[in-house]
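Below is one structure, written out as structure tokens; the observations come after it.
Residue numbers (UniProt numbering): 1 to 381.
Shown next as structure tokens:
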């Protein structure tokens, strides 16, 4: 049982993860450009009387700059607020209209027909999977900042908090998430990508009492147990701030220990029942800090979310967390165990299988804590 070193992890990033990600990103860029063009052409000609699209923005890993090989490609379609059809109430009709436009062109394959309560259209574009997600444009006329969209979306949420669509309000803040994560120091970006790559490519598995075996490498198993790419990202960013608070908030030249952050994530996942991984207000984007200071309703919602456990508040959207709020999918007990085993594997190194994180044995908690102390970090969940 050997704990990985920063040198080994960064070499893997430079030699394996980064080159493969660059190739995958080029394919994603071509698919995004094609979808973008198709949507604008379709809404300008076929559907202009029903709805119009103000902009199409990459979200998910590609938008945040945290993609790895095999990352999903997600695009947010921001619908003009004056349209006859608006998300989330008209999602099904909007998705049906868009699906017709895509199916009229070669190279597009609809993975399944839109269903009631869907928030996205699931496509293959020249054999590349792309999810097209709907959101309402909340920017006032004449503005063009992510902050303006965030404030408008939050006002909409506060007015409709009892019946808001969880996916819709999360998607409405995609640009805030993009700008926040892209502004982080380079070493944190490396950490996020290394963590996702090593966790999701690990051989970690959990066998249920029913005899079913859940695999970390299976997107389906992760999704059905509440584990998302974004949840690992947020946990990694939080751990980076914990293990190197000054480096995590410094310029892009700042550096921190990737293995220390991975160990912190592992220990946090091992204590899921008591995990209260909260971003301090000072670590939020300025738009959220300002709103928290002046808006009582926003403060109340943020504090309500903070009381949930296990919880990781997302500074790009402080009402989101690993539980995804009262109406969203939650990380299951099996999901936490799968994450714990995946993080254990990610923190260990095998010269025989460095890219697969094949360590089958769980890293003892006391060994992980001792290594953290050696690195100058005291763990506290």
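Every residue, glycine too, gets a C-beta built ideally from N, C-alpha and C.
Please read all numbers here as calculations on a predicted model, not as lab measurements.
Please classify residue 136 as buried or exposed, where buried requires at least 16 neighbouring CB atoms within 10 angstroms. buried
With residue 391 as the anchor, note down where its beta strand (DSSP E) starts and where it stops. Because the chain here runs from 1 to 381, residue 391 falls outside it and cannot be looked at.
How should residue 120 be labelled, buried or exposed, when 16 other C-beta atoms within 10 angstroms of its C-beta is the threshold for buried? buried
Buried/exposed call for residue 364, threshold 16 Cβ in 10 Å: exposed
Excluding sequence positions up to five away, which residues of its chain have a Cβ less than 6 Å from the Cβ of residue 191? 236, 240, 258 and 261
Quick one: Cα of residue 199 to Cα of residue 211, how far? 23 Å
In chain order, what residues of the same chain have a beta carbon less than 8 Å from the beta carbon of residue 2, not counting five sequence neighbours either side? 348, 349 and 350
Do the region 262 to 269 and the region 152 to 162 make contact, defined as three or more Cβ pairs closer than 8 Å? no
Segment contact, 8 Å Cβ cut-off, at least three pairs: the region 87 to 104 with the region 121 to 134: yes
Below 7 Å between beta carbons: does that hold for residue 61 and residue 183? no
By the 10 Å Cβ neighbour count, where 16 or more other Cβ atoms means buried, how is residue 300 classified, buried or exposed? exposed
Over what stretch of residues does the alpha helix (DSSP H) that includes residue 198 continue unbroken? 186 to 200
When 78, 313, 224 and 101 are compared against residue 41, the one with the closest alpha-carbon: 101
Residue 270 versus residue 205: straight-line alpha-carbon distance, rounded: 15 Å
Are residue 95 and residue 118 closer than 7 Å when you measure CB to CB? yes
Could you have a look at residue 134 and say whether DSSP puts it in helix, strand or coil? strand
Among residues of its own chain, excluding the 5 on either side of residue 147, which ones have a beta-carbon nearer than 6 Å to its beta-carbon? 287
Output the distance between the C-alpha atoms of residue 127 and residue 35, rounded to the nearest integer angstrom. 13 Å
Nearest-angstrom Cα distance between residue 207 and residue 180? 37 Å
Would residue 108 pass as a contact of residue 98 if the rule is Cβ separation under 7 Å? no
Collapsed DSSP secondary structure at residue 317 in the structure displayed: strand
If you compare alpha carbons, which of 55, 71, 221 and 275 is closest to residue 27? 71
Assign residue 376 to one of two classes, buried (16 or more other C-beta atoms within 10 Å of its C-beta) or exposed (fewer than that). exposed
If contacts are defined as beta-carbon pairs under 8 Å, then residue 227 and residue 63 qualify, I think. What distance do you get, rounded to the angstrom? That belief does not hold up - the Cβ atoms of residue 227 and residue 63 are roughly 20 Å apart, past 8 Å.
Please name the residue in 18, 11 and 311 whose C-alpha comes closest to that of residue 272. 311
For the candidate residues 145, 185 and 224, whose alpha-carbon lies nearest to that of residue 331? 224
Check this for me: beta carbons of residue 195 and residue 316, under 7 Å apart or not? no
So what's residue 238 in DSSP terms, helix, strand or just coil? helix
Using three-state DSSP, classify residue 3 as helix, strand or coil. strand
Leaving out five residues on either side along the sequence, give the residues of the same chain with a beta carbon under 7 Å from the beta carbon of residue 92. 114, 116 and 118
First through last residue of the beta strand (DSSP E) which encompasses residue 54: 53 to 59
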